[in-house]
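Let me begin by presenting the structure, written as structure tokens, before commenting on it.
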Amino acid sequence: MPSFNNYTFTNIQYTVPEGDNVSVAHPSAVITIVPNDGYTASAADFSIDPSFSDNAVLNVSFTQAGLNVLCTVTFDTGFVMPSSNYTIPLCVTGQADIVNVNIGGLLTAVVGNNITGDSSETNTPYSNSGGFGELETLFNRSYTADSGYYWYTSETPSLNITVGNQSSYNVIQTGTFDSSNRLTGISFEVKYLYPSQDVFNDKINIEVPNVAEIPQPQPIEVTGYSQLPLHVGQSGETVAWTIYGEPTAEYSASMTDGTTTVVIGTNETINSGGTSTVFIDFPDVGNNNVCWTITLTGDLASPFNQPNPVQVCQEPDITVRLTPYATPNIQNYISWTPANYSSYYTPYTEEAGYQYMSFRVTAPLIGARPVETGDVEEFNYNASCVVDGSVTNASSIDISSLTENEGTLAIGDRFNINEGSGYAPFAYEVTAINSATNISVSPNITASNDDYIVFYRNNGNIISVDNSEVIQVSDNSVDLNFNLNVNRSGDEDTTFQINLAQIISYDPT
Numbered sequence: 000m001p002s003f004n005n006y007t008f009t010n011i012q013y014t015v016p017e018g019d020n021v022s023v024a025h026p027s028a029v030i031t032i033v034p035n036d037g038y039t040a041s042a043a044d045f046s047i048d049p050s051f052s053d054n055a056v057l058n059v060s061f062t063q064a065g066l067n068v069l070c071t072v073t074f075d076t077g078f079v080m081p082s083s084n085y086t087i088p089l090c091v092t093g094q095a096d097i098v099n100v101n102i103g104g105l106l107t108a109v110v111g112n113n114i115t116g117d118s119s120e121t122n123t124p125y126s127n128s129g130g131f132g133e134l135e136t137l138f139n140r141s142y143t144a145d146s147g148y149y150w151y152t153s154e155t156p157s158l159n160i161t162v163g164n165q166s167s168y169n170v171i172q173t174g175t176f177d178s179s180n181r182l183t184g185i186s187f188e189v190k191y192l193y194p195s196q197d198v199f200n201d202k203i204n205i206e207v208p209n210v211a212e213i214p215q216p217q218p219i220e221v222t223g224y225s226q227l228p229l230h231v232g233q234s235g236e237t238v239a240w241t242i243y244g245e246p247t248a249e250y251s252a253s254m255t256d257g258t259t260t261v262v263i264g265t266n267e268t269i270n271s272g273g274t275s276t277v278f279i280d281f282p283d284v285g286n287n288n289v290c291w292t293i294t295l296t297g298d299l300a301s302p303f304n305q306p307n308p309v310q311v312c313q314e315p316d317i318t319v320r321l322t323p324y325a326t327p328n329i330q331n332y333i334s335w336t337p338a339n340y341s342s343y344y345t346p347y348t349e350e351a352g353y354q355y356m357s358f359r360v361t362a363p364l365i366g367a368r369p370v371e372t373g374d375v376e377e378f379n380y381n382a383s384c385v386v387d388g389s390v391t392n393a394s395s396i397d398i399s400s401l402t403e404n405e406g407t408l409a410i411g412d413r414f415n416i417n418e419g420s421g422y423a424p425f426a427y428e429v430t431a432i433n434s435a436t437n438i439s440v441s442p443n444i445t446a447s448n449d450d451y452i453v454f455y456r457n458n459g460n461i462i463s464v465d466n467s468e469v470i471q472v473s474d475n476s477v478d479l480n481f482n483l484n485v486n487r488s489g490d491e492d493t494t495f496q497i498n499l500a501q502i503i504s505y506d507p508t
């Protein structure tokens, strides 16, 4: 019989004396065909080759015997054993068939955030069938990190056979990498090598951890600048201006008043400390009011989170004065003020400075208390409201939501709309109080519903008093000494008054 790798068979050997009729001692010989593991043998699949012929053989038949096939050779009744060994080389056609083997299991995948492709799943069934020894794909899974993300090399996706014969599985893992060799995608192709018997209840786990953001290179940009003063004096000033950003970022800066352009810096470079300083020379503009528009160009960040361009104006210094006065009830009043008591400040600034003040008052049997901020008339008055209803080029506005912090609204109070509403210079002035809910203004105003207004008196100048002391000079004379602080300067010269009658006690007789 032929030899195949999918079944085996038995060889039959008989000892028969020379001259005996073989069929008498052995009417037939039975050869057993046994399929190999993973194969099945069927009698119908086997036959004797039509060309086969042998004087010793009457016929050959095939029958099923369980998993095996029996090949029965019937000897011819006239065949007599010759004097030497006699071999019958059967010529059988046919082979065993592959057994169809089934595989089945469950797949669980835990997928992290910022990942597309296949998603998390729990106990998803997988199954297939094939012949013994066949290698076949069971399933594929793919996972891709979102744009801008990747997997750390220590936390890459993995696939594990938690239940089953690992040698039967062939997992092909294919990664996708970016230009910096960072893992940004991965796919798993799971193949199975079929054994000889059915397999069920295998389990496979896939872990796809969270991805990390790909670190972005720090852009070489200019990111900001130090604050510039809103205003400088008409006589001019040199202001140091610091520019911030990443080292080696370049910038240029210039300023113009609409007629003259001044270069502040050209192709300046941010140093290793992240800064660069240039100096802005504001010229002496005499008695002119000049506003400069300063523009920064170059490797600017986008968005650039500070105003660009920015404006700095040169306007007159503001004089803030404090004048003492007394009612006729104080007799023999004498006041003394240092020659330099008037204070000069750049307009519109916070905490502009202070001026030392001293007043000497003489009266019969005089007494006094320290000067307080509240003794300064019309100190720090302000009120606020929200515009009720839009107006366009109107001479009056509704102030029904007015909230007054001190005193009452008065003619001459000044204000802005919304941004910078509490800072000079002021665009508008109250010209009439028409009613409790309406005022006239100059110039005509355009405002939207719910625009915010803060009213200020004293041209926006705000002062306070501290370090006050009373020194008794004689029985009927005292010195009042204190600092006059300019907390915020406005846009016009302003004289405040202090009523000595509120501070001094005396005997008028």
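According to numbering that gives the first Met the number 0, the residues represented by the sequence shown are 0 to 508, in order. For glycine and all other residues, C-beta sits at the position ideal for the given N, C-alpha and C.
Helix, strand or coil, according to DSSP, for residue i in the structure here?
i	result
S22	helix
T155	coil
Q165	helix
G411	coil
G285	coil
N480	strand
Q354	strand
D280	strand
Q501	helix
N457	helix
D44	helix
G373	helix
Q305	coil
Y467	Tyr is not the amino acid found at residue 467; the sequence shown has Ser there. Looking at S467 - three-state DSSP - the assignment turns out to be strand.
F78	coil
T14	coil
S146	coil
I365	coil
I293	strand
G130	strand
F51	coil
S251	strand
N226	The residue asked about is misnamed: residue 226 is Gln in this sequence, not Asn. The answer is coil: DSSP assigns Q226 none of H, G, I, E or B.
P442	strand
A426	coil
S27	strand
D96	strand
I219	coil
S179	coil
Check each candidate in the options and name the one with the smallest Cα separation from residue i.
i	options	result
Y168	P156, R456, F138	F138
N288	S234, T361, T322	S234
T430	L408, D48, D478, N417	L408
Y85	Q63, N54, F61	N54
Y324	V477, Q305, P315, F358	F358
F131	K202, Y151, N99	N99
R456	D465, D412, F425, S467	D412
S389	C312, G373, A367, I444	I444
T155	S128, V109, I263	V109
A252	V221, S271, E236	V221
I432	T14, S394, V162	S394
E206	F51, Q196, T361, T161	T161
Spell out the partners DSSP gives residue i in its beta bridges.
i	result
F199	None, per the DSSP bridge assignment.
D397	N437
T7	V33
T90	Correcting the residue identity first, residue 90 is Cys in this sequence and not Thr. Partner(s): none; C90 has no beta bridge.
E314	G232
I462	V485
R140	F187
Below 8 Å on the Cβ atoms is my guess for residue i versus residue j; work out the distance and round it to an integer in Å.
i	j	result
Y353	N484	4 Å
A40	Y6	6 Å
I87	V56	6 Å
T143	T183	7 Å
Counting only the same chain and skipping the five closest in sequence on each side, list residues whose C-beta sits under 7 Å from that of residue i.
i	result
V170	L158, F187, V189
I452	S383, C384, V386, F414, I416, S420
L401	A382, C384, L408
P34	N5, Y6, A40, L66, A95
I97	G37, Y38, G130, F131
S399	D387, T436
D492	I317, T318
E133	Y193
A239	T276, F278
In chain order, what residues of the same chain lie with their CB nearer than 6 Å to the CB of residue i, ignoring the 5 residues before and after it?
i	result
P26	none
C290	Q310, C312
D19	M80
With a threshold of 8 Å on Cβ separation, who are the neighbours of residue i within its own chain once the five nearest residues in sequence on each side are excluded?
i	result
N286	Q233, P315
F74	V21, S22, H25, P26, S27, A28, A55, V56, L57
Regarding residue i and the ligand NAD, is the C-beta to nearest heavy atom distance less than 8 Å?
i	result
Y38	Summarising the ligand content, the structure contains no ligands, and the ligand NAD is consequently not present.
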